[in-house]
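Colleague: Here the sequence shown stands for residues 4 to 285, numbered as in my numbering.
Quick reminder that beta carbons are idealized off the backbone N, C-alpha and C, glycines included.
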Amino acid sequence: TKGDPYLLVVKMSFNNKKILDRYLGAVQKVVDRHDILRTAIIWENLSTPAQVVLRHAALSITELSLSPNDGPIGDQVIRLTDPSEHRIDLSNAPLFRFIISQDTDGSWVAVELLHHIIGDHSTLELMNTEIQAFMEHQDKLLSEPQPFRNLIAQVRSSSNANVHEQFFTKMLAEIDTPALPYGLSDVHQDGVDVTESHLILPQDLNNRLRSHAKLMGVSLASFCHLAWAQVISKTSGQEQVVFGTVLFGRMQGGSGSDQAMGLFINTLPLCVDVGGRSVEES
């Protein structure tokens, strides 16, 4: 495949090249601080894939010379960095790239391609905070960087592995039939041909959902998970359904994990029994 659905795209605009260079210089300083941003993934000729942390990883910056005759410069850069058409080499850290180009008015467009394997949404927020600190010469106020290796050590602990295996074995013990919406099972593809649709919900519906969730003492996310379980149940004919969901792991990541960069999320199975129960009971 030529694309990668796990590439995140961020488009930025800078008034001039001097500001852009300051920004990129600040990004390099953030990379120098954090091990996960200097991490490469290698797997060829190895029995087990490994994360390799480099002492220094220089930013990859590609400057393009584009013609306005082919359309707005920003749109051209976005097209040229389409994740469905491009991949980045996971063995070459840092696992994000910058593509820059000067616009017709003298400003500069920069598109960042970042691989999801080294960060989640919280990582992006932390990166932006530190970049801003360096640009404003406030970097001395930054706390000591929290190494991602701490989480790796915790996850690879044999005692933790046994506890996790026991938990999921017990949770899924009674499941013998998959809950497949409309009987569809061939879903393990590369994700490149995925299409996205967005629907903005009415504010009134949003308010009612939040009100019901608060009334029942649960989060809105929990409420929506139950709704999705109901959808799967109705479309699969199963009352006990299992589906994957992305869970936030920073609260279990140890001291300082709330300020650590890296991928602190995981997709795990969730088992919900919706048979013969009211919404409140479920």
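Hey, quick one: how far does the alpha helix (DSSP H) through R25 stretch, first residue to last?
Modeller: For the purposes of this step, residue 25 is identified with residue 22 of the sequence shown, where counting begins at 1. Element bounds for R25: K20 to R36.
Colleague: Sorted by chain position, which residues of the same chain lie with C-beta nearer than 8 Å to G279's C-beta, five sequence neighbours on each side aside?
Modeller: Position 276 of the sequence shown, counting from 1, holds the residue named residue 279. So the list reads E242, once near-sequence residues are dropped.
Colleague: Determine the direct distance from the alpha carbon of D35 to that of A60, and round the result to whole angstroms.
Modeller: Counting from 1 along the sequence shown, the entry for residue 60 is found at position 57. Counting from 1 along the sequence shown, the entry for residue 35 is found at position 32. In a straight line, the C-alpha of A60 is about 7 Å away from that of D35.
Colleague: To the nearest angstrom, how far is it from the Cα of H89 to the Cα of D142?
Modeller: Taking the first residue of the sequence shown as position 1, residue 89 is located at position 86. Taking the first residue of the sequence shown as position 1, residue 142 is located at position 139. So the two alpha carbons sit approximately 34 Å from each other.
Colleague: Please check the pair H119 and L11, which I expect to be a contact at CB under 8 Å, by giving their CB distance rounded to whole angstroms.
Modeller: Counting from 1 along the sequence shown, the entry for residue 119 is found at position 116. Counting from 1 along the sequence shown, the entry for residue 11 is found at position 8. That belief holds up - the Cβ atoms of H119 and L11 are roughly 6 Å apart, short of 8 Å.
Colleague: From this set, S236, F267 and V56, which residue's C-alpha is nearest F2's C-alpha?
Modeller: The chain is shown only over 4 to 285; residue 2 falls outside these bounds and no answer can be derived.
Colleague: Between the Cα of V114 and the Cα atoms of Q135, D85, L144 and S94, which residue gives the shortest distance?
Modeller: Mapped onto the sequence shown, residue 114 falls at position 111. Among Q135, D85, L144 and S94, the Cα nearest to that of V114 is on D85.
Colleague: With H, G and I counted as helix, E and B as strand and the rest as coil, what does DSSP make of A60?
Modeller: By one-based count along the sequence shown, residue 60 stands at place 57. Note: A60 maps to coil in three-state DSSP.
Colleague: Would you kindly work out how many angstroms separate the C-alpha atoms of D207 and A216, rounded to a whole number?
Modeller: By 1-based counting over the sequence shown, the position of residue 207 is 204. By 1-based counting over the sequence shown, the position of residue 216 is 213. The alpha-carbon atoms of D207 and A216 are separated by roughly 14 Å.
Colleague: Could you give the distance in angstroms between the alpha-carbon of D261 and the alpha-carbon of K32?
Modeller: As a working note, residue 261 is residue 258 in the sequence shown. As a working note, residue 32 is residue 29 in the sequence shown. Between D261 and K32, the C-alpha separation is close to 20 Å.
Colleague: Should A224 be labelled buried (16 or more other beta-carbon atoms within 10 Å of its own) or exposed?
Modeller: For the purposes of this step, residue 224 is identified with residue 221 of the sequence shown, where counting begins at 1. By the neighbour-count rule (16 or more Cβ atoms within 10 Å), A224 is not buried but exposed.
Colleague: Whole angstroms are fine: how far does the CA of E284 sit from the CA of L219?
Modeller: Your numbering for residue 219 matches position 216 in the sequence shown. Your numbering for residue 284 matches position 281 in the sequence shown. In the sequence as presented, Leu is not what sits at residue 219; that position holds Met. Approximately 10 Å between the Cα atoms of the pair.
Colleague: Determine the burial state of Y9: buried for a count of at least 16 other Cβ atoms within 10 Å of its Cβ, exposed for fewer.
Modeller: Against the sequence shown, residue 9 aligns to sequence position 6. By the 10 Å Cβ count, Y9 comes out exposed.
Colleague: Of the choices G74, H140 and D92, whose alpha-carbon is the least far from that of L117?
Modeller: Numbered from its first residue, the sequence shown carries residue 117 at position 114. Answer by Cα proximity: D92.
Colleague: Three or more C-beta pairs closer than 8 Å, one from the region 68 to 83 and one from the region 34 to 49: is that the case here?
Modeller: Taking 8 Å as the limit for Cβ pairs, the verdict is that the region 34 to 49 does not touch the region 68 to 83.
Colleague: What does DSSP give as the partner residue(s) for M130 in the beta ladder?
Modeller: Reading the sequence shown from its first residue, position 127 is the one you call residue 130. According to DSSP, M130 bridges with nothing at all.
Colleague: Helix, strand or coil for A263, going by three-state DSSP, please let me know.
Modeller: Your numbering for residue 263 matches position 260 in the sequence shown. Note: A263 maps to coil in three-state DSSP.
Colleague: For A182, which residues from the same chain have a beta carbon less than 8 Å from its beta carbon, with the 5 sequence-adjacent residues on both sides left out?
Modeller: Counting from 1 along the sequence shown, the entry for residue 182 is found at position 179. I235, S236, S239, Q241, Q243, V244, V245 and F246, listed in sequence order.
Colleague: Across which residues does DSSP place G252 in a beta bridge pair?
Modeller: The count along the sequence shown starts at 1 and reaches residue 252 at position 249. According to DSSP, which records beta bridges pairwise, G252 is partnered with nothing at all.
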